Amino acid sequence: MEKKNIILTGDRPTGRLHLGHYVGSLKRRVELQNSGQFDEINILIADDQALTDNADNPRKIRDNIVNVVLDYLSVGIDPKKSTICVQSALPALHALTFYYLNLVTTARLSRNPTVKAEIQMRGFADEGLPTGFFVYPVSQAADITAFDANIVPVGEDQLPMLEQAREIVEKFNKIYGETLVLPKAMIPENEMQRRLPGVDGKAKMSKSLGNCIYLSDDPKTIKKQVNGKMFTDPEHLQISDPGHTEGNVVFTYLDALCTDEHFAAFLPDYANLDEMKEHYRRGGLGDGTCKKFLINVLETTLEPIRAERARWEADIDSVYDIIREGTAKAVEITNATLARVRKAMKIDYFVDRSVVQEWNDLLRQAKQ
Ligand code: TRP
């Protein structure tokens, strides 16, 4: 196998993507895509994985496929450079999952911290745990290996999935011979980008908490989220009071998003964020001014995304063709890997008739 740089990443289509996704992964994907440093970039819409905890609500997954693709296209994922594909239409992934399941113990799966946390969050501990959900890290290993991906850009919460995938690859290659590519996680270096909190300061943006800013939100909604819900420093009561910038959500968002150009355009009293923070800590800078600046920064970031989304929304036929063509390409890629895997596992009976000769020899020998 020639060594290539291949990226696979993906999302569960369970809702629209928000600013946390943008800062934590989408922006990075676009940069990687445009860097020209990769032989292949594949983006998987993981609808099968989404079904592992939404079996009773397939409509939700179906509806959100279009939302997620629109979000991709509107942030600058270019279907000419990145292959966008739909998991359920890639049968090789199902077959690979089935083989990999034999290489993983239930005890090992039970230790996965991300799955453990999700089981708690979804109440599966009381209701009963769907087997498909329990084993989804194995299916994710199938996703990654099917594309021969060596680089998997993901958030920190996905590190246990990559660990699991690497173990499967190592075990597979040891038993069946060097077949699969060992993948590596690529996580954002910048602390701010790893985990953008909700507007209320809670660790994560989540639909049920109502603390998200969606990429598709209109300016009014964004203003409402920032002015009405965004947490600052509870000890900063008067403008003249010294304030804290750490743990202050307004500054966390500014850390993740603002540039010196934003200051030049909207808050020329300061050259950069350091100067602004300095003033806030000293006292004399009000939360209203900070929020107003943040709203401008958010608008500058989201306005072009919103405009691009509107353009694609008017042409869903093309959006459909993009994922249809991307998926057709991914079928080829993943089928090729499955063929390699079956050959390594000696279950490639029908590729040619060579097993007839083998079986004849075997039977002849047994008679001797
Ligand atoms: N589990 C990932 C998430 O929840 C989505 C995903 C599915 C994925 N398959 C993948 C990510 C393969 C990277 C590679 O975000």
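Numbering-wise (this note's numbering), the sequence shown opens with residue 1 and increments by one.
C-beta: ideal position from N, C-alpha, C; glycine also.
Quantities reported herein were computed from a predicted structural model and do not represent experimental measurements.
Query                                                                                                                                                                      : Result
Apart from the five residues on each side of it in sequence, which residues of its chain come closer than 8 Å, Cβ to Cβ, to H18?                                           : M205, C212, I213, Y214, L215
Secondary structure at N42, three-state DSSP: helix, strand or coil?                                                                                                       : strand
Assuming N112 contacts P58 under a Cβ cut-off of 8 Å, what Cβ separation, rounded to an integer in Å, is found between them?                                               : That belief does not hold up - the Cβ atoms of N112 and P58 are roughly 25 Å apart, past 8 Å.
Here's the rule I'm using: 16 or more other beta-carbon atoms within 10 Å means buried, otherwise exposed. How should V351 be labelled?                                    : exposed
Under the three-state reduction of DSSP, which class applies to C258: helix, strand or coil?                                                                               : coil
How is the alpha helix (DSSP H) around S144 delimited, first residue to last?                                                                                              : It should be noted that the sequence gives Ile, not Ser, for residue 144. Segment 136–146, the alpha helix (DSSP H) holding I144.
Could you tell me if the beta carbon of T373 falls within a distance shorter than 7 Å of some heavy atom in the ligand TRP?                                                : Nothing can be reported for residue 373: it is not among the residues displayed for the chain, which extend from 1 to 368.
Name the one or two DSSP bridge partners that P153 has.                                                                                                                    : M186
What number of angstroms, rounded off, separates the C-alpha of E313 from the C-alpha of A165?                                                                             : 36 Å
Indicate whether I323 and P153 have their beta-carbon atoms separated by less than 8 Å.                                                                                    : no
Unbroken alpha helix (DSSP H) runs of length 4 or more, entirely within the region 20–93: which are they?                                                                  : 27–35, 47–51, 58–75
Within 10 angstroms of its Cβ, does K277 collect 16 or more other Cβ (buried), or is it exposed?                                                                           : buried
With distances taken Cα to Cα, identify the nearest neighbour of S74 among E358, N5, P304.                                                                                 : P304
Assign L196 to one of three DSSP states: helix, strand, or coil.                                                                                                           : coil
On the premise that T83 lies in contact with A330, defined as a C-beta separation below 8 Å, what is that separation, rounded to the nearest angstrom?                     : 6 Å
Run the CB neighbour count on D47, radius 10 Å, all protein chains shown included, and call it buried at 16 or more, exposed below.                                        : buried
For L182, count neighbouring Cβ atoms within 10 angstroms of its own Cβ and tell me buried if that reaches 16, exposed if not.                                             : exposed
Measure how close the beta-carbons of Y100 and A141 come, nearest whole angstrom, since I'm counting them as under 8 Å.                                                    : 6 Å
T337 lies in the alpha helix (DSSP H); which residues open and close that run?                                                                                             : 316–344
For I222 and N5, which I take to be in contact (beta-carbon distance under 8 Å), what is that distance rounded to the nearest angstrom?                                    : With a Cβ gap of about 37 Å, I222 and N5 do not count as contacting.
Tell whether a beta-carbon distance below 8 Å holds between D233 and G243.                                                                                                 : yes
CB-CB under 7 Å to M186, same chain, minus the five flanking residues each way: which ones, in chain order?                                                                : I151, V152, P153
Is it right to say D126 is buried, meaning 16 or more other beta carbons lie within 10 angstroms of its own, or is it exposed?                                             : exposed
If contact is defined by three or more beta carbon pairs under 8 Å, each pair taking one atom from either stretch, is the region 121–137 in contact with the region 11–31? : no
Given the structure, does M161 come close to the ligand TRP, in the sense that its CB is under 7 Å from one of the ligand's heavy atoms?                                   : yes
Taking only beta-carbon positions, decide if Q238 is within less than 8 Å of chain D.                                                                                      : The structure shown contains no chain D; it holds only a single protein chain.
Between A265, F251, L90, which has its C-alpha nearest L273's C-alpha?                                                                                                     : F251
Return the chain-ordered list of same chain residues with a C-beta closer than 8 Å to the C-beta of A339, the five sequence neighbours on each side being excluded.        : D348, V351
For P219, count the other beta carbons within 10 Å of its own beta carbon; 16 or more makes it buried, fewer makes it exposed. Which is it?                                : exposed
Out of C258, D287, I144, L285, which one is the CA nearest neighbour of H94?                                                                                               : I144
By how many angstroms is the C-alpha of K80 removed from the C-alpha of Y320?                                                                                              : 15 Å
Taking the beta strand (DSSP E) that G10 belongs to, which residues open and close that run?                                                                               : 6–11
Going by Cα to Cα distance, which pick from A50, S354, I295, V69 is closest to E118?                                                                                       : A50
Return the Cβ separation of F231 and V249 in integer angstroms, given the expectation that the two are a contact with Cβ distance under 8 Å.                               : 4 Å
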